[in-house]
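S.K.: Sharing a structure, written as structure tokens. Questions coming.
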Amino acid sequence: MAWRDAAGLGRIKDGSINGLKAELMRRDIALRDLKLQRERAEVVERETVREMLRLLGTKLDLLLRLKLEVELGPRVAGKSAAEANVEGALILDEIREVVNGNLARFEADAIKATVAAE
């Protein structure tokens, strides 16, 4: 009885062999469902997501530094406030384009990594 509780099987009302077999079949079906979801790219491994988010965060930090610390000054130097706002909007569009491209790549890479892990 103690091994049954330790294995998480204590919740089975009837501790007979048939009850244990039924629980084993339910677990096996749940495991197969998870595998099918991964194969259909409906589920991505948590570690893959963490790694990709870390990578995206690093890329975003570098992108913002480049655009705001390096490019912004020369692009708005000698311009009026209205012209500086236009330049700011252009920089924002450039940042969005890069971020959206990286997010699209993230999805494709995450799916590849999940399929490769299996």
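Just remember that this note's numbering sits 997 ahead of the position in the sequence shown, which is counted from 1. Cβ atoms here follow ideal geometry from the backbone N, Cα and C, with glycine treated the same way. Note that this is a predicted model, so its numbers are computed, not measured.
One question on the structure: do Ala1107 and Val1041 come within less than 7 angstroms of each other, judged by their Cβ atoms?
M.R.: Cβ distance < 7 angstroms, so Ala1107 and Val1041 count as in contact.
S.K.: Would you kindly report the start and end of the unbroken alpha helix (DSSP H) that includes Arg1035?
M.R.: Where Arg1035 is concerned, the enclosing alpha helix (DSSP H) stretches over 1014-1036.
S.K.: Could you compute how far the alpha carbon of Val1046 sits from the alpha carbon of Ser1077?
M.R.: Approximately 43 angstroms between the Cα atoms of the pair.
S.K.: Please report the distance separating the alpha-carbon of Arg1024 from that of Ala1113.
M.R.: So the two alpha carbons sit approximately 24 angstroms from each other.
S.K.: Does Met1022 pass the burial test, meaning 16 or more other C-beta atoms within 10 Å, or should it be called exposed?
M.R.: It counts as exposed.
S.K.: So the alpha helix (DSSP H) Lys1056 belongs to, where does it begin and stop?
M.R.: Per DSSP, Lys1056 belongs to the alpha helix (DSSP H) from 1043-1062.
S.K.: Taking the alpha-carbon positions, what's the Leu1059 to Ile1014 distance?
M.R.: For Leu1059 and Ile1014, the distance between alpha carbons rounds to 60 angstroms.
S.K.: Determine, using beta carbons only, whether Arg1072 comes closer than 7 angstroms to chain D.
M.R.: Structure shown: chain D not included; a single protein chain is present.
S.K.: Whose C-alpha, out of Gly1016, Glu1084, Ala1079, is nearest the C-alpha of Leu1065?
M.R.: The shortest Cα separation from Leu1065 among Gly1016, Glu1084, Ala1079 belongs to Glu1084.
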